[in-house]
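J.: The sequence shown maps to residues 60 to 459 in this note's numbering.
Positions of the beta carbon are idealized from the N, C-alpha and C atoms, including for glycine.
Nothing here was measured: the structure is a model prediction, and the numbers come from that model.
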Amino acid sequence: MAFPERFMNLPDYAFPRLRALLADITPGLAPGEAPMILTIGEPRHPMPGFVADVMAASIGQLSKYPPNEGTPELLAAIGGWLDRRYGLDVAPGRLMVLNGTREGLFNAALALCPERKDGQRPAILIPNPFYQVYAVAAAAVGADPVFVAATPDSGNLPDYGALDPALLDRVGLAYLCSPANPQGAVADVAYLEALVALAERHDFLILADECYSEIWRDAPPPGALQVATAMGLSDRVVMFNSLSKRSNLPGLRSGFAAGGAAQIARMRQLRNYAGAPLPLPVQRVSEAAWADEDHVAASLALYQQKYRIADEVLGDIPGYRSSQGGFFLWLPVADGEAAARRLWAQAGIQVLPGAYLSREVDGSNPGAGFVRVALVADAAQTRDALTRLRAVLYDDTAEG
60 MAFPERFMNL
70 PDYAFPRLRA
80 LLADITPGLA
90 PGEAPMILTI
100 GEPRHPMPGF
110 VADVMAASIG
120 QLSKYPPNEG
130 TPELLAAIGG
140 WLDRRYGLDV
150 APGRLMVLNG
160 TREGLFNAAL
170 ALCPERKDGQ
180 RPAILIPNPF
190 YQVYAVAAAA
200 VGADPVFVAA
210 TPDSGNLPDY
220 GALDPALLDR
230 VGLAYLCSPA
240 NPQGAVADVA
250 YLEALVALAE
260 RHDFLILADE
270 CYSEIWRDAP
280 PPGALQVATA
290 MGLSDRVVMF
300 NSLSKRSNLP
310 GLRSGFAAGG
320 AAQIARMRQL
330 RNYAGAPLPL
340 PVQRVSEAAW
350 ADEDHVAASL
360 ALYQQKYRIA
370 DEVLGDIPGY
380 RSSQGGFFLW
390 LPVADGEAAA
400 RRLWAQAGIQ
410 VLPGAYLSRE
420 VDGSNPGAGF
430 VRVALVADAA
440 QTRDALTRLR
450 AVLYDDTAEG
């Protein structure tokens, strides 16, 4: 049986590749030390205290089919958060709930990418490195993925405006993640204004992945929909967010999309046929979570503490850049795979080679000289792990 060729060229997902890379290594641990798994972006801060009570109070609603687009109460809670956070007045018809942002980021391409643009095969812009669902979405719709390097030279954000205008005329969608996974860069208002203007000039849609928006160093990052609305161009952006990182609820699988009425209507139409609605107890918990900021502030303070720890332990390393948002460090190394093997062998620490989050373009992989480190452990464990990591990878006295 033949499978579609467009899926055959996708590399293995990052975590199976990492397991294969480390399979022959016994982790090196001193007496009393435990392995530190700093690969996956799974928050470990406490979830909100009200979750269990809300879930229990609504458990009987599992006997009902939930609305696909979200309950009126949940849509109102999301709208309230958008107003408080960004000053946006987003009507319920411009919102839909999601089983986490990954579902939305994929299905948005199915619903919104044109099959042809000006008679040509469409292109989808993807930052490089990137969240892997972007590339799979491009493959699913048969678009040309255009991987645009997001490196220290470009502020770790993609410079889409530097692309050939003829290519930009073929673009149907452009993905952007801010704060960026994995580099922790934040797109400021000027960057977002330029990107929205570029989308208007070349008639494409921005899919703004903002699931790390509530984890930041100095100030709340601006939102792409916020900036586009101020420019009178809100239909140029569909934004995505979730409770996974904001509220430490990755297992809840609850997020949302917000955008123009026409775009959300098309996404809702697709979801009516191909999506799975969130169970009503999940929607009730989500409603409570979007309405509460106390737990978000408490979690943010813990991440900001870990930013300071990272700066203290690693700040003098050549090429180190402080993360401005999200919970990853993007650390420079000579070779990401070699560094990951060395860390596991000598210190029992797992990190992700940057090349596993990037694509090679013109013979160069912009992630090859980095490793991604997730700041998801508590402060004491983070300090210990980063100290051990420094000793292995950076100190002149390290073995080997």
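How is Arg276 classed by DSSP in three states: helix, strand or coil?
T.: Looking at Arg276 - three-state DSSP - the assignment turns out to be coil, as it is neither helix nor strand.
J.: Could you check what DSSP says for Arg367 in three-state terms: helix, strand or coil?
T.: Correct three-state label for Arg367: helix.
J.: For Ala197, report the span of its alpha helix (DSSP H) as first-last.
T.: Looking at the DSSP string, the run of the alpha helix (DSSP H) that includes Ala197 is 192 to 199.
J.: Quick one: is Thr456 buried, meaning 16 or more other Cβ sit within 10 Å of its Cβ, or exposed?
T.: Below a pLDDT of 50, predicted positions are generally treated as unreliable, and Thr456, at 42, falls in that range; the measurement from the model is reported next regardless. Its Cβ having fewer than 16 others within 10 Å, Thr456 is exposed.
J.: When the Cα of Pro151 is compared with those of Asn187, Phe315, Ala258, which residue comes out closest?
T.: The residue with the shortest Cα to Cα distance from Pro151 is Phe315.
J.: Under 7 angstroms Cβ to Cβ from Pro125, same chain only, skipping five residues before and after it: list those, please.
T.: Excluding residues within five positions, the ones whose Cβ falls inside 7 angstroms are Pro336, Leu337, Pro338, Leu339, Gln342.
J.: Tell me, which residues are paired with Gln409 by DSSP?
T.: Its beta-bridge partners are Ile96.
J.: Where do the ends of the alpha helix (DSSP H) carrying Tyr326 lie?
T.: Note that residue 326 is Met in the sequence shown, not Tyr. Taken as a continuous stretch (DSSP letters only), the alpha helix (DSSP H) holding Met326 covers 320 to 333.
J.: Buried or exposed for Pro425, going by 16 or more other Cβ atoms inside 10 Å?
T.: Result: buried.
J.: Across which residues does DSSP place Gly384 in a beta bridge pair?
T.: Paired residue(s): Trp275.
J.: What's the call for Tyr145, buried or exposed, on a 16-neighbour Cβ count within 10 Å?
T.: Buried: at least 16 other Cβ atoms inside 10 Å.
J.: Per DSSP, what kind of secondary structure is Pro125 in: helix, strand or coil?
T.: Note: Pro125 maps to coil in three-state DSSP.
J.: Leaving out the 5 sequence neighbours to the left and right, which residues in its chain are closer than 6 angstroms to Glu128 when beta-carbon positions are compared?
T.: Result list for Glu128: Met155, Arg327, in chain order.
J.: Looking at Tyr250 and Ala193, is the spacing between their C-beta atoms short of 8 angstroms?
T.: The sequence as given places Tyr at residue 193; Ala does not occur at that position. No. Outside cutoff.
J.: Taking the beta carbon of Leu452 as the centre, do at least 16 other beta carbons fall within 10 Å, making it buried, or is it exposed?
T.: Leu452 should be labelled buried.
J.: I believe Glu273 touches Leu359 by the beta-carbon criterion, under 8 angstroms. Please report the beta-carbon distance rounded to the nearest angstrom.
T.: About 7 angstroms separates the two Cβ atoms, so the contact holds.
J.: What is the rounded straight-line gap between the Cα of Phe299 and the Cα of Ala317?
T.: C-alpha separation (whole angstroms): 7 angstroms.
J.: Between Met95 and Gln409, is the Cβ-Cβ spacing less than 8 angstroms?
T.: Yes. Within cutoff.
J.: Less than 8 angstroms between CB atoms is the rule here; does Asp375 satisfy it with respect to chain B?
T.: As a matter of chain content, chain B is missing from the structure shown, which is built from one protein chain.
J.: Run the CB neighbour count on Ile323, radius 10 Å, all protein chains shown included, and call it buried at 16 or more, exposed below.
T.: Ile323 is buried by the Cβ-count criterion.
J.: Assuming Gln383 contacts Val245 (C-beta within less than 8 angstroms), just tell me the rounded distance between them.
T.: The pair is a contact, with the Cβ atoms about 5 angstroms apart (cut-off 8 angstroms).
J.: In whole angstroms, what separates the C-alpha of Leu81 from that of Arg400?
T.: Rounded to whole angstroms, Leu81 to Arg400 spans 6 angstroms at the Cα level.
J.: According to DSSP, Trp389 sits in a beta bridge with which residue or residues?
T.: Its beta-bridge partners are Arg431.
J.: Are Trp403 and Ile84 touching if we call contact CB-CB under 8 angstroms?
T.: In contact: Trp403 and Ile84 (Cβ atoms closer than 8 angstroms).
J.: Checking the sheet assignment: what are the DSSP bridge partners for Met298?
T.: According to DSSP, Met298 bridges with Ala267, Ala317.
J.: Which residue comes first and which comes last in the alpha helix (DSSP H) that contains Phe461?
T.: Residue coverage of the chain in this structure runs from 60 to 459, which leaves residue 461 outside it and unanswerable.
J.: Decide if Pro186 is buried, meaning its Cβ has at least 16 other Cβ atoms within 10 Å, or exposed.
T.: Label assigned to Pro186: buried.
J.: Run through DSSP, which three-state label would Gln242 get?
T.: Three-state result, Gln242: coil.
J.: Which value, in whole angstroms, describes the spacing of the CA atoms of Phe263 and Val195?
T.: Taking the straight line from one Cα to the other gives about 19 angstroms.
J.: Can the beta-carbon of Ala348 be found closer than 8 angstroms to that of Ser306?
T.: Their beta carbons are under 8 angstroms apart, which means Ala348 touches Ser306 by this criterion.
J.: Mind checking who Asn187 pairs with in its DSSP beta bridge?
T.: Answer is Ala208.
J.: Quick one: Cα of Leu416 to Cα of Phe74, how far?
T.: Cα to Cα, Leu416 sits roughly 10 angstroms from Phe74.
J.: Under the DSSP definition of a beta bridge, which residues are partnered with Val355?
T.: Answer by DSSP bridge pairing: none, since Val355 is not bridged.
J.: Counting pairs of Cβ atoms below 8 angstroms between the stretch 437 to 452 and the stretch 363 to 371, do you hit three or more?
T.: Yes, the stretch 437 to 452 touches the stretch 363 to 371.
J.: Classify Ser423 as helix, strand or coil using the three-state DSSP reduction.
T.: Note: Ser423 maps to strand in three-state DSSP.
J.: Here's the rule I'm using: 16 or more other beta-carbon atoms within 10 Å means buried, otherwise exposed. How should Leu121 be labelled?
T.: The residue is exposed, with fewer than 16 neighbouring Cβ atoms inside 10 Å.
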